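A quick write-up on the structure given underneath.
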Amino acid sequence: MLMLTFLLSVCFSLSTAFYFHVGEREEKCIIEDIPGDTLVAGTFKIQQWDISRHDFLESAPGLGVFVTVTTYGDEVLLSKLYGPQGTFYFTSHSPGEHIICLESNSTRLVSFGGSKLRIHLDIRVGEHDLDAAIAQAKDKVNEVSFKLERLIEQIEQIVKEQNYQRDREEKFRMTSEDTNSNVLWWASAQTLIFISVGIFQMKYLRDFFIAKKLV
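Sequence positions in the sequence shown follow mature numbering (1 follows the signal peptide of the UniProt record, and there is no 0) and run -17 to -1, 1 to 198.
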């Protein structure tokens, strides 16, 4: 049961991990397409360029990161200053694209090729952190119970994601059908216009030739 739970947890994990470079007061934003009523967790760590070692330090004391999360409707879900590393959380109220922006709070850093900081970011969508609770479990029954609870939450998140993608696909199909219908009507209108212009030109030429007694 433990092995099955572990394998399913690995398969159903929904996360995105990467890093990027930023400069002084430079803001970097990413866009995440998130279903509605979904918990999102982001774990970050800042590394500062060390000119003496010609490498990035593992820690950057004294630095901080402004984290701002907004929707395309300008709804602010999160706006907070964090330290050099940490985790932020927010819950999406409605499905759609969410803008996650990070900006350093320092303006006096040593530059390396225009990049002064390296920020590692790990985004987890719909995942609850139960590792601490599992670690504190006093027996295997509680540990399995916590892992099953986590697995159920992940399955529910996958179902929610599938429903969201299904709704998006339906909206896209409706938009495509409307576009095809409009194109058909426009093509029919163009055909009628061309036929009307052709008939008018033929009538005009016929009347012209008759007036000039050419026919």
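Each residue gets a CB set at the ideal place from its N, CA and C atoms; glycine is no exception. Fair warning: this is a prediction, and the values are worked out from it, not measured in the lab.
{"Item": "Any idea if Val52 is buried or exposed, counting beta-carbon neighbours within 10 angstroms, 16 or more meaning buried?", "Value": "buried"}
{"Item": "Alpha carbon to alpha carbon, how far is Phe129 from Trp169?", "Value": "60 angstroms"}
{"Item": "Assess contact between the region 65 to 80 and the region 19 to 31, defined as three or more Cβ pairs (one per stretch) separated by less than 8 angstroms. Is contact present?", "Value": "yes"}
{"Item": "Can you list, in chain order, the stretches of the alpha helix (DSSP H) that have 4 or more residues and sit fully within the region 104 to 189?", "Value": "114 to 118"}
{"Item": "Label Ser87 either buried or exposed according to how many other C-beta atoms from any shown protein chain fall within 10 Å of its C-beta, with 16 as the threshold for buried.", "Value": "buried"}
{"Item": "Would a C-beta distance cut-off of 9 angstroms place Lys99 and Val5 closer than the cut-off?", "Value": "yes"}
{"Item": "Among Pro18, Ile135, Glu139 and Arg133, whose alpha-carbon lies nearest the alpha-carbon of Gly79?", "Value": "Pro18"}
{"Item": "Using the Cβ count rule (16 or more neighbours within 10 Å means buried), how would you classify Leu175?", "Value": "exposed"}
{"Item": "Which two residues bound the contiguous beta strand (DSSP E) that contains Tyr72?", "Value": "Gln68 to Ser75"}
{"Item": "Can you tell me the Cβ-Cβ gap for Asp105 and Thr26, rounded? I've got them flagged as a contact below 8 angstroms.", "Value": "4 angstroms"}
{"Item": "Within its chain, find whatever has a CB closer than 6 angstroms to the CB of Gln140; leave out the 5 residues flanking it on each side and keep chain order.", "Value": "Gly109"}
{"Item": "Distance, Cα to Cα, His103 vs Val50?", "Value": "13 angstroms"}
{"Item": "Hey, His81 and Glu160 are a contact pair by Cβ (cut 8 angstroms); roughly how many whole angstroms apart?", "Value": "That belief does not hold up - the Cβ atoms of His81 and Glu160 are roughly 28 angstroms apart, past 8 angstroms."}
{"Item": "Short of 6 angstroms in beta carbon distance, which residues of its chain neighbour Pro12, apart from the five on each side in sequence? Order them along the chain.", "Value": "Going by the sequence as given, residue 12 is Cys instead of Pro. Correct list, in chain order: Ile82 and Cys84."}
{"Item": "What does DSSP give as the partner residues of Glu86 in its beta bridges?", "Value": "Glu10 and Phe49"}
{"Item": "From Val59 to Ser77, what does the alpha carbon distance come to, in whole angstroms?", "Value": "13 angstroms"}
{"Item": "What does DSSP give as the partner residue(s) for Lys63 in the beta ladder?", "Value": "Val50"}
{"Item": "Given a threshold of 16 other Cβ atoms within 10 Å of its Cβ, counted over all protein chains shown, does residue 200 qualify as buried or as exposed?", "Value": "Here the chain has residues from -17 to 198 only, and residue 200 is not among them."}
{"Item": "What separation, rounded to the nearest whole angstrom, lies between the Cα atoms of Pro67 and Thr54?", "Value": "25 angstroms"}
{"Item": "Around the C-beta of Leu131, are 16 or more other C-beta atoms found within 10 angstroms, so that it is buried, or is it exposed?", "Value": "exposed"}
{"Item": "Closest to Arg101 by CA distance: which of Lys196, Lys195, Glu9 and Ala194 is it?", "Value": "Glu9"}
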